[in-house]
Amino acid sequence: MEKFTYEDSFQFKDFIEENSQLFKDTLLKEAVNVRDKTDEILRVGNIDLITNAHTLVGYIIEERDKELQAFAEQEGIAWATYSMAISFKLEWIQAIRRTLWYFFNKYILLSKDKSFNFFELEKQINNRVDDFLNTFFISYTKYKDSLINAQREQVEKLSVPIIPINPFVCVLPLIGTIDAQRIDILEDKMLTEIGEKRIQTIFMDLSGVPNINSDEIFRLIQIIDSASLMGCNTVLIGLRKEFVRKVTERGIKLNESTKTLGTLQQALREYLIT
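Under UniProt numbering, think of the first position of the sequence shown as 1, with each following residue one higher.
In structure tokens:
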């Protein structure tokens, strides 16, 4: 390992920069699980851990708290965007903390400056490291949650696709399980689309729904009734025997204007082909 160099005119930050290679080696030695991931993190997220470590140390030493907070927020967003393991970040920051104190100890020994108030300095440095971590985690969590919510909204939109056939007729193919959450999405999207686009007929294709419980069937019929009140008729397509059996068992009555057909092709022929 290289030896420390020191000049009397140097301040602590200059001391770290003069011994930058030693700083890097010490930091990587401290970060046992991260040191083999630095290239991968750079490649995937364009995050240079060593450069960022020097930036962070500079903000801490120079007491640049606004820049420190902004940097922590920026880092939180970057790590959330690329789904980096947050455990690596925690280990890396703690390695920076230990390396920083190791260097400070060497700096004091070489400079022989006895004027430092160690306890006050310890409080300031550790508080700033902790502030960075707190801001980072808050930023990471908020941005990660926003990404998850955006993805969920996209999935929800795709789970209830309303496909226009012409300005007045649309197809609503439902595939997969229909649960309470999806029924809520269906109600909101279907009634909104009817109101905004003045849809007159919706072909609701249930041939791809393997199962639906009685409560959701009742909710579905209520949505169809609501659509009818808005001037839109619903044509139910591809009803499975399980659906029909539950409708019969519960004594659920379809709206008089609601028609049922076996296939989408039948619906298209009856309503669109003259």
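Where is the CB? At the ideal position from N, CA and C, for every residue including glycine. Since the structure is predicted, the reported quantities are computational estimates derived from the model, not experimental observations.
Whole-Å CB distance - residue i paired with residue j, under 8 Å assumed
| i | j | result |
| --- | --- | --- |
| R97 | V129 | 5 Å |
| E75 | F136 | 5 Å |
| V57 | I16 | 6 Å |
CA-to-CA distance, residue j to residue i, given in whole angstroms
| i | j | result |
| --- | --- | --- |
| S228 | L147 | 37 Å |
| M1 | L22 | Low local confidence applies: a pLDDT of 47 at M1 is under 50, so the model's placement there is unreliable, with the coordinate-based value given in what follows. Between M1 and L22, the C-alpha separation is close to 7 Å. |
| Q124 | Y107 | 17 Å |
| I223 | I162 | 15 Å |
| V209 | K253 | 20 Å |
| N166 | E187 | 22 Å |
| S207 | D179 | 16 Å |
| L42 | A31 | 16 Å |
| residue 359 | F119 | Given that the chain is displayed from residue 1 to residue 274, the structure contains no residue 359 and the question cannot be resolved. |
| D14 | F104 | 12 Å |
| K259 | R198 | 19 Å |
| Q69 | D131 | 8 Å |
Three-state secondary structure assigned by DSSP to residue i
| i | result |
| --- | --- |
| K89 | helix |
| I165 | strand |
| V171 | strand |
| K37 | coil |
| I125 | helix |
| K189 | helix |
| L261 | strand |
Residue i vs residue j beta-carbon contact at 9 Å
| i | j | result |
| --- | --- | --- |
| V171 | D205 | yes |
| L100 | I50 | no |
| K246 | N213 | yes |
| I202 | T248 | no |
Nonlocal neighbours in the same chain, by C-beta distance under 7 Å from residue i, ignoring five residues either side
| i | result |
| --- | --- |
| T55 | F71 |
Neighbourhood of residue i by C-beta, 8 Å cutoff - its chain only, sequence neighbours within 5 removed
| i | result |
| --- | --- |
| E216 | I178, D179, A180, I183 |
| L191 | I223, S226, A227, M230 |
Residue i beta carbon near the ligand SAH (any heavy atom closer than 8 Å)
| i | result |
| --- | --- |
| F132 | Looking at this structure, you won't find the ligand SAH or any other ligand, since it has none at all. |
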